[in-house]
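Novice: This structure is in structure tokens; I'll ask about it shortly.
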Amino acid sequence: MKSHQSTQTMKPATAAKKLGVYLPATPAEFQEGVVSRDELNELQANPPEWLRELRANGPHPRPVVAARLGVSIAGLARGGVTEALTTEQIEALKQDRPQWLDKERATQAEVRKEAARLKKRDTERAEQNRESRS
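First residue of the sequence shown: 1157, per the working numbering; consecutive thereafter.
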């Protein structure tokens, strides 16, 4: 008996998230269809012009905006940024350096510093546990 393997598909919203693009800015045929795993891999390997344009100029989804600004998604919300932004708008924010952006970047830096400290501590504990068992 042969096993029948069906093609794995995903909703356009999932595919857009995996591609790092803002779904409402994608072409209608992308938004209205389903995307197979093979199609997603092809889009990632050989992005069409519309995908290259979206990745370069936006509008970008909040996770991409947050990463480009060096803040968390929650930090964006606290700063009043709830919509997708274009690359131009992101660059303008970086130039203007509003107070909330500086504050959120500092908060994000502290979070990363604490995460690194905890990772180091856990690594050291794991090494001590291995040594004590030997």
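Glycine included, C-beta positions come from ideal geometry on N, C-alpha and C.
All values reported here derive from a predicted model rather than from experimental measurement.
#1: Helix, strand or coil for arginine 1224, going by three-state DSSP, please let me know.
#2: Determine which residues share a DSSP beta bridge with leucine 1241 and list them.
#3: Would DSSP call threonine 1165 helix, strand or coil?
#4: Taking only the alpha-carbon atoms, compute the straight-line gap between threonine 1170 and glutamine 1284 and give it to the nearest angstrom.
#5: From the DSSP output, read off the bridge partner residues of valine 1191.
#6: By Cβ distance, which residues of its chain are closer than 8 Å to arginine 1193, with the 5 residues on each side in sequence left out?
#7: Is it buried or exposed for valine 1220, if we count other Cβ within 10 angstroms and need 16 for buried?
#8: Please state whether DSSP places asparagine 1197 in a helix, a strand or coil.
#9: Since I believe valine 1177 is in contact with arginine 1211 (beta carbons under 8 Å), could you give me their beta-carbon distance rounded to a whole number of angstroms?
Specialist: From the atom records:
#1: Three-state DSSP puts arginine 1224 in a helix.
#2: In DSSP, leucine 1241 forms a bridge with His1216.
#3: Collapsing the DSSP output to three states places threonine 1165 in a strand.
#4: The alpha-carbon atoms of threonine 1170 and glutamine 1284 are separated by roughly 42 Å.
#5: According to DSSP, which records beta bridges pairwise, valine 1191 is partnered with Met1166.
#6: Around arginine 1193: Thr1163, Gln1164, Thr1165 and Met1166.
#7: Around the beta-carbon of valine 1220, 16 or more other beta-carbon atoms lie within 10 Å, marking it buried.
#8: Correct three-state label for asparagine 1197: helix.
#9: Taking 8 Å as the upper bound for CB-CB distance, arginine 1211 and valine 1177 are in contact here, some 7 Å apart.
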